[in-house]
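First up is the structure itself, then whatever we jot down about it.
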Amino acid sequence: MSTDIANTHKPAQKKYFKGSGALQQILAFASLIILVIFFSIASDNFLHWSNIEGILLSTTVIGILALGTTFVIITGGIDLSIGTGMTLTSVMTGVFIVYLGLPLSVGIIGGILSGACIGFISGFSVSILRIPPFIATLAMMMIAEGLSLVISGASPIYFSDVEGFNSIALGSIIPGISIPNAILVFFFMVLIGWVLLSKTIVGRYTFAIGSNEEATRLSGINVKKWKLIIYTIAGCFTGVAGVIMASRLNSAQPALGMGYELEAIAAVVIGGTSLSGGKGSLIGTMIGALIMSVLTNGLRIMSIPQEWQTVVIGFVILLAVYFDMLRKKNT
Amino acid sequence: MKKRIMLAILIVFSSLLFVLAACGNEAEKESDDTGSTGTETSENEKAAEENNEDSDKPYIAIISKGFQHQFWQAVQRGAEKAAEEFNVKITFEGPENESQVDKQMEMLRAVLDKQPDAIGFAALDSQASSPLLEEADEKGIPIIAFDSGVDSDIPLTTASTDNYAAASLAADKMAELIGEKGKIALVVHDQVSVTGAQRRDGFVETMEEKYPDIEIVDIQYGGGDHLESTNLAKTMMQANPDLAGIYGSNEGSAIGVVNAVRELSKEEQVTVIGFDSGKQQIDAISDGVMAGAITQNPEGIGYETVKAAVSAINGEEIPENIDTGFYWYDQTNLEDEEIQAAVYE
């Protein structure tokens with residue numbers, strides 16, 4: 001009985017990878033290209049390499065957050081704690097490196113692990129305690145915000161005296177090519193995430209839980225355990241984003257981060273991941289995050305007032321969700 | 001099985017909390033000046049003693065706009081200094097961030113119930129606070145406004161920086177540094193608050209009136225968020241490759257501009273002027289990335305607030321406005337005593 005369900009489930013998943021999901025990605029990618037062409041014509045300064053580098057750099061933090069939360073959203077959940085969670089990991093990185101004087105590498109790993117801890121606790125509340133994801137992660141969002149203030153004593157932690165910390169994000173490890181590491185880290189995280197989601201058992205179960213949690217459970221998969229793992233993975237992404245942000249600002253700012261979760265979720269939605277779960281892709285999320293930063297950068301470079309930039313991005317999100325609904329009706 | 005997992009997770013969670021608590025204590029200890037015997041019991045005893053001692057002193061409740069910014073911590077220091085000098089008891093509190101108008105209202109309401117002898121109040125929204133201010137007035141509790149004024153007749157005085165005049169000085173400095181001609185841009189923290197608007201208008205209007213050859217090409221709002229301000233200052237420089245200067249209207253905005261200039265290696269080309277203080281701005285000025293900045297005198301604001309409250313309790317005459325002053329600081333005067341008291345790390 002249980003193997004039957006597992007078997008009938010697989011072909012359905014394949015369809016999501018190759019069928020309508022791909023269409024959404026192509027649509028998102030086409031929009032990105034159209035935007036780039038539009039802004040290149042509208043402003044002479046848009047297509048300069050240094051501006052493109054700026055766009056990529058400003059995508060990194062929100063982008064990495066969005067990648068992690070894509071996993072959670074595909075399971076049909078949501079993670080509101082990623083914004084302030086990122087702040088908490090940047091503060092923890094500061095504690096490890098500046099207060100405790102640990103070596104950079106240990107501090108970075110510590111920062112990422114603190115992110116994993118936050119994800120783990122969210123996952124625990126969602127899967128074991130059965131608290132709805134919206135509430136559980138909302139609570140975690142507040143816990144992380146408060147803890148950041150408590151741990152840092154409500155004042156920023158500066159890395160100015162730590163040799164080399166700033167270059168984690170802004171340095172360049174490839175000799176001869178001056179692409180900031182943060183951008184490389186972002187694409188590396190896309191790669192890791194993509195492998196996890198489409199090539200491993202974690203990814204298969206992520207889609208399975210999002211498509212039909214009950215059927216997944218009945219086919220003998222320990223849904224609780226896998227949800228816990230998925231939220232923890234998302235937490236690792238939060239940790240990486242926190243380290244990158246701290247490095248770029250050369251400081252851990254305890255009052256930052258609130259609201260970043262919504263930008264990240266917007267990027268996920270624009271990238272074609274369905275908020276009702278079961279469908280989505282990391283390449284889509286990457287494109288979604290790029291669309292958001294190309295839009296803000298392009299509108300800014302054209303000197304469109306900021307208020308209108310926000311309105312435009314709001315409309316883009318509406319459109320993205322509308323296309324997602326059309327797609328569902330057709331299938 | 002289930003129980004064992006639960007137990008294991010509980011242990012992990014509580015040990016995590018323990019570690020976090022330990023870190024928090026360490027941070028506290030570091031910032032504690034006396035720092036010798038900081039055990040919990042002795043601190044509690046100390047607090048209890050203070051309470052006994054303080055019961056006869058006049059009590060002034062101070063509600064600020066926040067507490068996590070170093071600016072507010074400096075205001076608190078000034079207030080505490082005055083409290084010691086005038087032998088009064090104060091409490092200092094504020095909401096977590098400067099958009100939490102409702103939370104501030106709750107704090108004000110709670111304070112009213114404690115029957116203080118005077119209240120120091122920095123309104124996040126003067127309209128929203130007016131009913132509570134009236135209630136205080138009826139109870140005969142004098143109110144001293146600080147930082148930004150309250151749009152009401154009830155506060156006896158306002159201790160604040162003249163933000164418009166301060167921004168106007170920033171404009172004069174910018175004009176002088178770029179040779180009174182060229183393109184400039186502004187990164188402002190927000191368009192709705194009084195400080196945001198005054199620090200923008202003081203700068204923009206001075207430029208327009210006095211320096212016809214300077215063109216303001218862009219004004220953007222970054223919410224005082226370091227990362228957001230960095231990204232938008234970068235875009236400004238991309239859109240206007242010949243930009244001569246950028247002015248950042250508060251700590252987060254100014255640091256954002258500094259980050260952007262550093263990331264694009266335009267230190268030689270773009271003149272950066274900031275507002276407020278903080279370690280990163282002071283470092284940027286020492287490094288020459290930032291030409292200079294305006295600082296308010298936050299300790300002065302706190303000090304003058306308590307001083308005015310004491311005068312009010314004693315029934316003395318107080319002026320309608322107390323200008324707490326501002327300073328221009330750069331590499332040349334960073335070490336001056338007067339600047340050192342006004343800048344905060």
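Chains A and B are the protein sequences, given in the same order.
Under UniProt numbering, the first residue of the first sequence carries the number 1, and numbering increases by one thereafter.
Under UniProt numbering, the first residue of the second sequence carries the number 1, and numbering increases by one thereafter.
From the three backbone atoms N, C-alpha and C, an ideal C-beta is built for every residue, glycine too.
Since this is a predicted model, take the numbers as computed values, not measurements.
Less than 7 Å between CB atoms is the rule here; does GLN309(A) satisfy it with respect to chain B? Taking Cβ atoms only, chain B never reaches closer than 7 Å to GLN309(A), which makes this a no.
According to DSSP, SER105(A) sits in a beta bridge with which residue or residues? Residue pairing from DSSP leaves SER105(A) without any beta-bridge partner.
When burial is assigned at 16 or more other CB atoms within 10 Å of the CB, is ILE34(A) buried or exposed? Flag for ILE34(A) reads exposed.
Proximity winner among SER31(A), GLY83(A), LEU56(A), relative to GLU263(A) (alpha-carbon distances): Residue GLY83(A) is the option with its Cα nearest to GLU263(A).
Inter-residue Cα distance where the pair is PRO131(B) and ASN321(B): Here the alpha carbon of PRO131(B) sits roughly 22 Å from the alpha carbon of ASN321(B).
Near-chain A residues of the stretch 214 to 230 of chain B (beta-carbon distance less than 7 Å), N- to C-terminal order: Cβ contacts with chain A come from ASP218, GLN220, TYR221, ASP225, HIS226, LEU227.
Kindly examine the ligand ATP and report whether one of its heavy atoms sits closer than 6 Å to the Cβ of GLU317(B). The model depicted lacks the ligand ATP and carries no ligand whatsoever.
Taking C-beta to C-beta, are VAL187(B) and VAL270(B) nearer than 7 Å? No; because the gap between Cβ atoms is not below 7 Å, this pair is not in contact.
Counted within 10 angstroms of its Cβ, other Cβ atoms place GLY101(A) as buried (16 or more) or exposed: By the 10 Å Cβ count, GLY101(A) comes out exposed.
Considering only residues of the same chain and omitting the five flanking positions on each side of ASN45(A), which have a CB-CB separation below 7 Å? Only ASN51, ILE301 meet the Cβ criterion.
Any beta carbon of chain B sitting closer than 7 Å to that of LEU249(A)? True, the Cβ-Cβ gap to chain B drops below 7 Å.
Can you name, in chain order, every residue of its own chain whose Cβ lies under 6 Å from the Cβ of MET292(A), other than the five neighbours on each side? ALA267.
Name the residues in the stretch 256 to 278 of chain B whose C-beta lies less than 8 Å from a C-beta of chain A; which are they? Here the close residues are ASN259, GLU263, LEU264, GLY278.
Which residues, in chain order, does the stretch 134 to 156 of chain A contribute to contact with chain B at a C-beta distance below 7 Å? Those residues of the stretch 134 to 156 of chain A that come within reach of chain B (Cβ to Cβ, closer than 7 Å) are LEU147, LEU149, VAL150, ILE151, SER152, GLY153, ALA154, SER155.
Take PHE71(A) as the anchor and find which of ILE304(A), GLU214(A), GLY259(A), ILE230(A) has the nearest alpha-carbon. The shortest CA-to-CA distance from PHE71(A) to any of ILE304(A), GLU214(A), GLY259(A), ILE230(A) is the one to ILE230(A).
Contact residues within the stretch 66 to 85 of chain B, judged by C-beta distance below 8 Å to chain A: Per Cβ criterion, the list reads PHE67, GLN68, HIS69, GLN70, GLN73.
Given a cut-off of 7 Å, decide if GLY274(B) and GLN280(B) are closer than it, judged by their beta-carbon atoms. No, the Cβ-Cβ distance between GLN280(B) and GLY274(B) is not below 7 Å.
CB contact below 7 Å: ALA185(B) versus chain A: Judged by the 7 Å Cβ criterion, ALA185(B) is not in contact with chain A.
Given that a residue counts as buried once 16 or more other Cβ atoms are within 10 Å of its Cβ, and exposed if not, what is SER286(B)? Exposed, because fewer than 16 other Cβ atoms sit within 10 Å of the Cβ of SER286(B).
Mind listing which residues of the stretch 293 to 304 of chain B have their C-beta closer than 7 Å to chain A's C-betas, in chain order? For the stretch 293 to 304 of chain B, which is checked against every Cβ of chain A, not one residue is closer than 7 Å.
Within 7 Å (strictly less), CB to CB, does GLN253(A) reach chain B? Closer than 7 Å: yes.
What residues in the stretch 281 to 302 of chain A have a beta carbon less than 7 Å from any beta carbon of chain B? Residues passing the 7 Å Cβ filter: ASN297, ARG300, ILE301.
Ordered along the chain, which non-local residues of its own chain (more than five positions away) have a Cβ less than 7 Å from that of LEU232(B)? Excluding the 5 residues flanking it on each side, LEU232(B) has same chain C-beta neighbours closer than 7 Å at VAL187, GLN220, GLY222, in chain order.
Per the contact definition of three or more C-beta pairs closer than 8 Å, is the stretch 21 to 32 of chain A in contact with the stretch 147 to 160 of chain A? Segments in contact, no.
Candidates ALA144(A), PRO180(A), SER251(A): which alpha carbon is nearest GLU163(A)'s? Distances from the CA of GLU163(A) to each of ALA144(A), PRO180(A), SER251(A) were compared; the closest alpha carbon is that of SER251(A).
Distance between ALA291(B) and ASP330(B) (C-alpha atoms, nearest Å): Annotation: ASP330(B) to ALA291(B) spans about 6 Å, alpha carbon to alpha carbon.
Considering only their Cβ atoms, is the gap separating GLN76(B) from PHE86(B) smaller than 7 Å? GLN76(B) sits away from PHE86(B), with the two beta carbons spaced by 7 Å or more.
Please confirm whether ALA341(B) has its beta-carbon closer than 7 Å to some beta-carbon of chain A. Put simply, the CB of ALA341(B) is far from chain A, with every gap to its CB atoms at 7 Å or more.
When you compare each of VAL272(B), THR295(B), GLU338(B) to ALA166(B) by their alpha carbons, which one comes out closest? Of VAL272(B), THR295(B), GLU338(B), the residue nearest in Cα terms is THR295(B).
With 16 as the cutoff for other CB atoms within 10 Å, does GLU30(B) come out buried or exposed? The predicted model places GLU30(B) with a pLDDT of 41, which falls under 50 and marks its position as unreliable, so this point remains unresolved.
Name the DSSP bridge partner or partners of TRP328(B)? Note: TRP328(B) sits in a beta bridge opposite ILE294(B).
With residue 349(B) as the anchor, note down where its beta strand (DSSP E) starts and where it stops. Because chain B in this structure spans residues 1 to 345, residue 349(B) falls outside the shown range and cannot be described.
Is it right to say ARG130(A) is buried, meaning 16 or more other beta carbons lie within 10 angstroms of its own, or is it exposed? Classification of ARG130(A): exposed, given that the 10 Å Cβ count is below 16.
ALA266(A) by DSSP, collapsed to three states: which one? Reduced to three states, the DSSP call for ALA266(A) is helix.
Any beta carbon of chain A sitting closer than 7 Å to that of ASP172(B)? It does not; no Cβ of chain A falls within 7 Å.
Across the stretch 121 to 138 of chain A and the stretch 239 to 257 of chain A, are there enough close Cβ pairs to call them in contact, namely three or more that are closer than 8 Å? No: the two stretches stay apart, fewer than three of their Cβ pairs being nearer than 8 Å.
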